[in-house]
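> Just so we're aligned: 318 in the numbering used here is position 317 of the sequence shown, and the numbers increase by one with no gaps anywhere. All C-beta atoms, glycine included, are put in the ideal place defined by N, C-alpha and C. One structure follows; several queries about it will come next.
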Amino acid sequence: MAPKARQPCYVLGVGITKFIKPRGKVDYTELGFEAGVKAMLDAQISYDDVDQGVACYCYGDSTCGQRVFYQFGMTQIPIYNVNNNCSTGSTGLAMARDLISHGGADCILVVGFEKMMPGSLQSFFNDRENPIGTSGKMMAETRGVAKAPGAAQMFGNAGREYMEKFGATAEDFGEIARINHAHSVNNPYSQFQDVYTLEQIMASPKIHEPLTKLQCCPTSDGGAAAVLVSQEFLDARPHLKDQAALIAGQSLATDAPSLFSRSAIDLMGREMTQTAAQRAMAEAGVQPSDFSVCELHDCFSANELITIDALGLCEHGKAHDMVRAGDITYGGKIVINPSGGLISKGHPLGATGIAQCAELVWHLRGWANNRGVPHTKWALQHNLGLGGAAVVTVYRRADGKEAPVVDSITVGRANKQGYNPAVEAKGFTAEQVKAVRSKDKSSAWALQDTLQKVEARF
2 MAPKARQPCY VLGVGITKFI KPRGKVDYTE LGFEAGVKAM LDAQISYDDV
52 DQGVACYCYG DSTCGQRVFY QFGMTQIPIY NVNNNCSTGS TGLAMARDLI
102 SHGGADCILV VGFEKMMPGS LQSFFNDREN PIGTSGKMMA ETRGVAKAPG
152 AAQMFGNAGR EYMEKFGATA EDFGEIARIN HAHSVNNPYS QFQDVYTLEQ
202 IMASPKIHEP LTKLQCCPTS DGGAAAVLVS QEFLDARPHL KDQAALIAGQ
252 SLATDAPSLF SRSAIDLMGR EMTQTAAQRA MAEAGVQPSD FSVCELHDCF
302 SANELITIDA LGLCEHGKAH DMVRAGDITY GGKIVINPSG GLISKGHPLG
352 ATGIAQCAEL VWHLRGWANN RGVPHTKWAL QHNLGLGGAA VVTVYRRADG
402 KEAPVVDSIT VGRANKQGYN PAVEAKGFTA EQVKAVRSKD KSSAWALQDT
452 LQKVEARF
């Protein structure tokens, strides 16, 4: 089917909670509420402006989205609950963008949240076929099964294949983790903010060759939200155009038959990432060399390496050369995962894609002044879910200019919050909550004691 003309869609507001270890201390209702309030404050709207809602989560009963959104108001708008494995958040963004771009809404609030269990990912429905069971069988037949978490085996095997085919070494994967951990110290929302040497990375406990513990993302509790709007909605608020980020290109792709080619790299969705990237960049009219900043799905350092290749950020088979040359961090060709990535920032599945979006929006605004990348005009996002779905998104400023550098005092004045959320994690007041909740269709019963619990954490 030929692509139809799209109306522009912008990210006007974003908000994130701190990502934390999953210890059962914070419920999803609080995480979603905090992120949503922050995003609406950032967009300078109230819930009465929202036409539709998209809730993104993997672990939870049906209609958890309504439970979160009803805290903002009960305005009877459509609310969709999305689950697409680790790409859930970006899938929600893609749904919202499609709705707006084809005239279905002018303002959509997308909220991702996850309350996870400690330890590695696990399935909760063991009385039926696992959706990635066919991939597991292919791994067992081609690489065998080890005593390690399944995801670590799959992505570790892809890393091994890259070593076998192209000459990458275990240290190349370790260097990726070292860089991401180093980036995390400037992200106030990051679950981990520790700096390690390459030697410490390599000496941490082995999970599955070539991966060590410090090369694997943790499970996390957290929330993130974004307000997406139409051109008409933005035009009615010209004072906010400087903070709006245009979704210039975006594609959600699923797997091709190559998934079962018997290649460990293909088994991790190489072709769907490649296809999504090509489509998104073609829509935006850009090349891989146009990007100076990228947030990609580094659930394991091995996946960052193979994704650099699949996105076209390097010559095929040369991703490890980029790593060795220092071309994935400050001073190199492109800064990858300035947030610290999933490895350091954390990975609450439903929130991850939206948190990536928020990071890049802050860079394009010039608000990420403690980790900004000079001359940023285009930003690239990649979010992957096995099973599978890959979402690649291209962003630019609404005015098409390079990102400025904005000091935090100026940011605090512009957003009317008195601080810069890109570099400082804070809560909000009861008055601010009142300002964004629906004026006439709010329920104290729906909110319960969520506000008090959120306030107690700050």
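Using only CA atoms, which one of Asn421, Phe459, Gln251 and Pro405 lies nearest to Ala431?
Locating residue 431 in the sequence shown gives position 430, counting from the first residue. Nearest option by C-alpha distance: Phe459.
> Applying the 10 Å Cβ sphere with the 16-neighbour rule, what's the burial state of Phe70?
Taking the sequence shown and counting its residues from 1, the one referred to as residue 70 is at position 69. Classification for Phe70: buried.
> Whole angstroms is fine: what's the gap from Gln279's alpha carbon to Trp446's?
Start at 1 with the first residue of the sequence shown, and residue 279 comes out as number 278. Start at 1 with the first residue of the sequence shown, and residue 446 comes out as number 445. In a straight line, the C-alpha of Gln279 is about 47 angstroms away from that of Trp446.
> Is Ile133 helix, strand or coil by DSSP?
The residue given as residue 133 occupies position 132 in the sequence shown. It is coil, neither helix nor strand.
> Among Arg366, Leu385 and Asn127, which residue has its Cα nearest to the Cα of Glu296?
Start at 1 with the first residue of the sequence shown, and residue 296 comes out as number 295. When only C-alpha atoms are compared, the closest one is Leu385.
> Rounding to the nearest angstrom, what Cα-Cα distance links Ser293 and Lys402 in this structure?
Locating residue 293 in the sequence shown gives position 292, where the first residue counts as 1. Locating residue 402 in the sequence shown gives position 401, where the first residue counts as 1. Cα to Cα, Ser293 sits roughly 14 angstroms from Lys402.
> How big is the Cα-Cα spacing for Met269 and Leu387?
In the sequence shown, counting from the first residue as 1, residue 269 sits at position 268. In the sequence shown, counting from the first residue as 1, residue 387 sits at position 386. Answer to the nearest angstrom: the Cα atoms are 7 angstroms apart.
> May I have the straight-line CA-CA distance separating Val287 from Ile109, to the nearest angstrom?
Locating residue 287 in the sequence shown gives position 286, counting from the first residue. Locating residue 109 in the sequence shown gives position 108, counting from the first residue. Roughly 27 angstroms between the two C-alpha positions.
> My understanding is that His383 touches His298, with C-beta atoms under 8 angstroms, so please give their C-beta distance in whole angstroms.
Against the sequence shown, residue 383 aligns to sequence position 382. Against the sequence shown, residue 298 aligns to sequence position 297. That pair is a contact at about 5 angstroms.
> List, from N- to C-terminal side, the beta strand (DSSP E) runs of 3 residues or more that fit wholly inside the segment 266-301.
Listed in chain order, the complete beta strand (DSSP E) runs (minimum 3 residues) inside the segment 266-301 are 294-296.
> Do you know how far the Cα of Ala281 is from the Cα of Leu247?
Residue numbering aside, residue 247 sits at position 246 when the sequence shown is read from its first letter. Residue numbering aside, residue 281 sits at position 280 when the sequence shown is read from its first letter. Computed Cα separation, rounded: 13 angstroms.
> According to DSSP, which residues form a beta bridge with Glu31?
The residue labelled residue 31 in the question sits at position 30 within the sequence shown. According to DSSP, Glu31 bridges with nothing at all.
> What are the boundary residues of the beta strand (DSSP E) that includes Gln251?
Translated into the one-based positions of the sequence shown, residue 251 becomes position 250. Taken as a continuous stretch (DSSP letters only), the beta strand (DSSP E) holding Gln251 covers Ala246 to Ala254.
> Could you check whether the segment 4-20 touches the segment 170-185, counting it as contact only if at least three pairs of C-beta atoms, one from each stretch, sit closer than 8 angstroms?
With a cut-off of 8 angstroms, the segment 170-185 and the segment 4-20 do not count as touching, because too few Cβ pairs lie within range.
> Mind checking who Asp207 pairs with in its DSSP beta bridge?
For this step, residue 207 is matched to residue 206 along the sequence shown. Position check: residue 207 holds Lys in this sequence, whereas Asp was assumed. Note: Lys207 sits in a beta bridge opposite Thr213.
> Using beta-carbon positions only, say whether Ser88 and Gly341 come within less than 9 angstroms of one another.
Within the sequence shown, residue 88 is the residue found at index 87, counting from 1. Within the sequence shown, residue 341 is the residue found at index 340, counting from 1. No, they are not a contact pair.
> Output the boundary residues of the alpha helix (DSSP H) element that contains Leu94.
In the sequence shown, residue 94 corresponds to position 93, counting from 1. Run containing Leu94: Thr89 to Ser102, per the alpha helix (DSSP H) assignment.
> Alpha carbon to alpha carbon, how far is Gly175 from Glu165? Give it in angstroms, no decimals.
For the purposes of this step, residue 165 is taken as the residue at position 164 of the sequence shown. For the purposes of this step, residue 175 is taken as the residue at position 174 of the sequence shown. In a straight line, the C-alpha of Glu165 is about 17 angstroms away from that of Gly175.
> Using the beta-carbon count (16 or more within 10 Å), is Glu233 buried or exposed?
In the sequence shown, residue 233 corresponds to position 232, counting from 1. Glu233 comes out exposed.
> For Asp256 and Ala311, I'd like the C-alpha separation in whole angstroms.
Taking the first residue of the sequence shown as position 1, residue 256 is located at position 255. Taking the first residue of the sequence shown as position 1, residue 311 is located at position 310. Approximately 14 angstroms between the Cα atoms of the pair.
> Between which residues of its own chain and Ser91 is the CB-CB distance below 6 angstroms, once the five residues before and five after are set aside?
On the sequence shown, position 90 is the one that residue 91 refers to. Contacts found: Gly354, Asn384 and Val392.
> Suppose the cutoff is 6 angstroms on Cβ atoms and the five residues either side in sequence are ignored; what does the same chain contact list for Cys300 look like?
As a first step, residue 300 must be located in the sequence shown, where it is residue number 299. Around Cys300: Cys218 and Leu343.
> Does at least one heavy atom of the ligand COA sit under 8 angstroms from the Cβ of His240?
Of the ligands one can find in the structure shown there are none, so the ligand COA has no counterpart to examine.
> With Phe114 as the anchor, note down where its beta strand (DSSP E) starts and where it stops.
By one-based count along the sequence shown, residue 114 stands at place 113. Cys108 to Glu115 is the span of the beta strand (DSSP E), which, as asked, contains Phe114.
> Whose C-alpha, out of Leu215, Gln192 and Pro189, is nearest the C-alpha of Leu199?
Within the sequence shown, the letter at position 198 stands for residue 199. When only C-alpha atoms are compared, the closest one is Leu215.
> So if DSSP puts Val395 in a beta bridge, which residue, or which two residues, is it bridged to?
Within the sequence shown, residue 395 is the residue found at index 394, counting from 1. According to DSSP, Val395 bridges with Gly250 and Leu381.
> Output needed for Asn82: all residues of its chain with C-beta closer than 6 angstroms, excluding positions within five of it in sequence on either side, in chain order.
Here residue 82 refers to the residue found at position 81 of the sequence shown. So the list reads Ala56 and Gly66, once near-sequence residues are dropped.
> Going by DSSP, which residues form a beta bridge with Ala222?
Here residue 222 is taken as the residue at index 221 of the sequence shown, counted from 1. The identity of residue 222 in the sequence shown is Asp, whereas the question assumes Ala. Answer is Ile21.
> Rounded to whole angstroms, what is the Cα-Cα separation between Lys207 and Gly157?
By 1-based counting over the sequence shown, the position of residue 207 is 206. By 1-based counting over the sequence shown, the position of residue 157 is 156. Distance between the alpha carbons of Lys207 and Gly157: 11 angstroms.
> Where Gly373 and Asp128 are concerned, what is the direct C-alpha to C-alpha distance, given to the nearest angstrom?
In the sequence shown, the residue the question calls residue 373 occupies position 372. In the sequence shown, the residue the question calls residue 128 occupies position 127. One C-alpha to the other measures close to 48 angstroms.
> What separation, rounded to the nearest whole angstrom, lies between the Cα atoms of Tyr29 and Thr276?
In the sequence shown, the residue the question calls residue 29 occupies position 28. In the sequence shown, the residue the question calls residue 276 occupies position 275. Whole-angstrom Cα-Cα distance: 33 angstroms.
> Would a C-beta distance cut-off of 9 angstroms place Ala153 and Leu212 closer than the cut-off?
The residue labelled residue 153 in the question sits at position 152 within the sequence shown. The residue labelled residue 212 in the question sits at position 211 within the sequence shown. Their beta carbons are under 9 angstroms apart, which means Ala153 touches Leu212 by this criterion.
> Are Tyr58 and Phe125 closer than 9 angstroms when you measure CB to CB?
Walking along the sequence shown from the start, residue 58 turns up at place 57. Walking along the sequence shown from the start, residue 125 turns up at place 124. Result no, Cβ atoms of Tyr58 and Phe125 do not sit closer than 9 angstroms.
> Is there contact between the segment 432-443 and the segment 41-49, where contact requires at least three CB pairs shorter than 8 angstroms?
Flag = yes, the segment 432-443 and the segment 41-49 touch.
> Quick check on Asn85: does DSSP put it in helix, strand or coil?
As a working mapping, residue 85 is identified with position 84 in the sequence shown. Of the three classes helix, strand and coil, the one that applies to Asn85 here is strand, per DSSP.
> Rounded to whole angstroms, what is the Cα-Cα separation between Asn416 and Pro422?
Position 415 of the sequence shown holds residue 416. Position 421 of the sequence shown holds residue 422. Taking the straight line from one Cα to the other gives about 9 angstroms.
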